[in-house]
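A short write-up of the structure that comes next.
Residue numbers (UniProt numbering): 1 to 451.
Laid out in structure tokens, this is it:
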């Protein structure tokens, strides 16, 4: 739209996108799921675009030009609005996407039964309820063992009844894609000033860009934290609580890798009584550097936990309960990231969970204002992995809800979604470069350029 031969860094380029239906005729309605970015492969640079839907089959995508050089525009149609209608029905009303199995154990006795968020039955069930926040999940009561002997949960994928609507014969299982490729030149006009990263500041879209494979924030000054000494200096004396799914577990795994695993070593807590049998990825993790007084811990969030490996009840309680136990203080840091495991369920469950977490964060900050809290959004994942259950569109909706829930709360926001769209990576567990950049942004809040 209004093309020019040359642009300057900081300008916005707008691209008009027109959608056709499967017959090739122009669509007269919107609602398609589109991901767009600009990138310069030779510079290892990329940034996400901002989509505006006119609800008539046309879209405008705005791209902020962050770096000089030749820039390529790419627009990808992930799912049409017709597909999204079915995905929404599956998310809200299809209850057979995963089967959860609870293992009950008392000494040498062991029984299993089916568990879920809802169980429609006349049989006796065990309810596991967080009384304060009115969140529950249920299991069919074992034949002999009492409810309180629930030891762990695991899950198995199913072929949901809605899968029939995603058959190849209906041309829906295939990812609909197309690209708008255009090269144009961007002229440098010097570095753009940005303020210090501070809790409570809004995270715009796009929230930053990659250049030379390194992320730069669009709204605050970041440090790279490439050196071990810089990371150690920033983390010194800190207690870092990582609570959520395996994408935030990557932070403790990467930190111990980056810091060489010598002074700062990772343990699965297997030497601590209640965790003796937790030889699984979902086991709580702890890393301690006694010399620098650094403690970093990770725990899985509460049910649902989607994993073939056991998710132990003693290891993963509701994040709200965890937050209410944190004493807080100027050296206490909390990072929260949930969403991937909630994608298969109705959006109301995610919103309820995040509202409860926000209220717990508010209570924590009220009793300890110097505590620093961060929330990390979901990242994109594989396009063909559990297409109905774990679709990226579900993650997109949950990210929108996350921003609304925490609007106005004094927390730091790590936009992992924006990073992975900019990098064009579709992996549930992003590579180490992206994990490092997430941590670098996080540390820039704690120890910015002027710290």
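Just so you know, even glycine gets a beta-carbon here, dropped at the ideal spot from N, CA and C.
Residue 298 - DSSP class collapsed to helix/strand/coil:
strand
Using a Cβ-Cβ cutoff of less than 6 Å, which residues in the same chain neighbour residue 6 once the five nearest sequence positions on both sides are dropped?
185, 187
I'd like the list of long-range same chain contacts for residue 136, defined as Cβ closer than 6 Å, with 5 residues on each side in sequence excluded.
127, 129
Enumerate in chain order the residues of its own chain whose CB-to-CB distance from residue 99 is below 7 Å, with the five nearest sequence positions on each side excluded.
114, 155, 156, 158
Using the Cα positions of residue 287 and residue 351, report the straight-line distance between them to the nearest angstrom.
Going by the C-alpha atoms only, they are around 31 Å apart.
Report the partner residues of residue 266 according to the DSSP bridge assignment.
287
Measuring alpha carbon to alpha carbon, tell me which of 79, 71, 368 ends up nearest residue 394.
79
Output the residue ranges of the alpha helix (DSSP H) runs that lie fully inside the stretch 199-237 and measure 4 residues or longer, sorted by chain position.
228-235
Below 8 Å between beta carbons: does that hold for residue 65 and residue 17?
no
With H, G and I counted as helix, E and B as strand and the rest as coil, what does DSSP make of residue 433?
helix
In chain order, which continuous runs of the alpha helix (DSSP H) of length 4 or greater are located wholly inside the stretch 360-440?
392-405, 416-423
Among 357, 359, 46, 68, which has the Cα closest to the Cα of residue 11?
68
Starting from residue 51 and walking both ways along the beta strand (DSSP E), at which residues does that stretch end?
50-53
Is the Cβ of residue 434 closer than 8 Å to any Cβ of chain B?
Although the question refers to chain B, the structure presented lacks it and comprises just one protein chain.
So, with DSSP's three-state summary, where would you put residue 98?
strand
Pick helix, strand or coil for residue 318, following the three-state DSSP scheme.
coil
Is the Cβ-Cβ distance between residue 45 and residue 37 less than 8 Å?
no
C-alpha gap between residue 449 and residue 222, whole angstroms:
7 Å
Going along the chain, which residues of its own chain have a beta-carbon closer than 7 Å to the beta-carbon of residue 224, five neighbours each way excluded?
214, 440
Backbone secondary structure at residue 341 - three-state DSSP
When DSSP states are grouped into helix, strand and coil, residue 341 belongs to the helix group.
Keeping to the same chain, check which residues put their C-beta closer than 8 Å to that of residue 273; ignore five residues upstream and five downstream.
A caution first: residue 273 carries a pLDDT of 38, below 50, which makes its placement in the model too unreliable to give a value.
Continuous beta strand (DSSP E) stretch holding residue 12: start and end:
Residue range 12-18 is occupied by the beta strand (DSSP E) that includes residue 12.
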